[in-house]
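S.K.:
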Amino acid sequence: MSGARRKARRRAVEVLYEAEVRGTSVEDVIKRRRAQPEPPINEFTEDLARSVDGRRERIDELLDTYAIGWTLERMPVVDRNILRMGAYELLWAEDIPDGVAIAEAVGVAKELSTDESPNFISGLLSRLMENKATLSL
1 MSGARRKARR
11 RAVEVLYEAE
21 VRGTSVEDVI
31 KRRRAQPEPP
41 INEFTEDLAR
51 SVDGRRERID
61 ELLDTYAIGW
71 TLERMPVVDR
81 NILRMGAYEL
91 LWAEDIPDGV
101 AIAEAVGVAK
111 ELSTDESPNF
121 ISGLLSRLME
131 NKATLSL
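Position 125 (the sequence shown) corresponds to 125 in the UniProt record's numbering; numbering is contiguous.
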């Protein structure tokens, strides 16, 4: 189960990344991906990408606030989108335990990003988790 979920999360990050890089909407990327047989896009991936996109403004504010020594603009695009997904799951997906949200984001970073990214992502999401009770969502 978790392997399938990790793959779905990775695909959601790919959708978010593609939308940002191409300057198009998440919905357009989902539609285009649905029209292609490979790789398949499932409901979990679509829901996660849409949910992250729907809260992107607030998520970006929080990431900018809690990223010590980094601005959102300076972060690699893939890391920014992994962080958006992780922050969404950490703060709004009530069925996902905090530790799982962070571990999954770190796992996706290990697959898609640089060697330094997993620690950076873990640290930033951990700061969000520590402050979760005080963040007005």
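C-beta atoms are modelled at their ideal positions from N, C-alpha and C, and glycine is treated no differently.
Taking the alpha-carbon of Arg84 as reference, which of Ser113, Ala105, Gly123 has the nearest alpha-carbon?
M.R.: Taking the first residue of the sequence shown as position 1, residue 84 is located at position 84. Ranking the options by Cα distance to Arg84, first place goes to Ala105.
S.K.: I'd like to know whether the C-beta of Val29 is nearer than 7 Å to at least one C-beta of chain B.
M.R.: The structure shown contains no chain B; it holds only a single protein chain.
S.K.: Val78 and Ala49: beta carbons closer than 7 Å?
M.R.: As a position in the sequence shown, residue 78 is number 78, starting the count at 1. As a position in the sequence shown, residue 49 is number 49, starting the count at 1. Contact: no.
S.K.: Output the distance between the C-alpha atoms of Leu135 and Leu62, rounded to the nearest integer angstrom.
M.R.: Within the sequence shown, numbered from 1, the residue matching residue 135 stands at position 135. Within the sequence shown, numbered from 1, the residue matching residue 62 stands at position 62. Roughly 9 Å separates the two Cα atoms.
S.K.: Anyone know if the C-beta pair for Leu72 and Asp60 falls short of 7 Å?
M.R.: By 1-based counting over the sequence shown, the position of residue 72 is 72. By 1-based counting over the sequence shown, the position of residue 60 is 60. Contact flag set, yes.
S.K.: To the nearest angstrom, report how far apart Gln36 and Ala12 are at their CA atoms.
M.R.: Walking along the sequence shown from the start, residue 36 turns up at place 36. Walking along the sequence shown from the start, residue 12 turns up at place 12. Whole-angstrom Cα-Cα distance: 15 Å.
S.K.: If we call anything under 7 Å between Cβ atoms a contact, is Pro118 one with Ala109?
M.R.: Along the sequence shown, one-based indexing puts residue 118 at 118. Along the sequence shown, one-based indexing puts residue 109 at 109. Cβ distance < 7 Å, so Pro118 and Ala109 count as in contact.
S.K.: Tell me whether Arg80 sits in a helix, a strand or coil according to DSSP, three-state version.
M.R.: Counting from 1 along the sequence shown, the entry for residue 80 is found at position 80. In this structure, Arg80 counts as helix in the three-state DSSP scheme.
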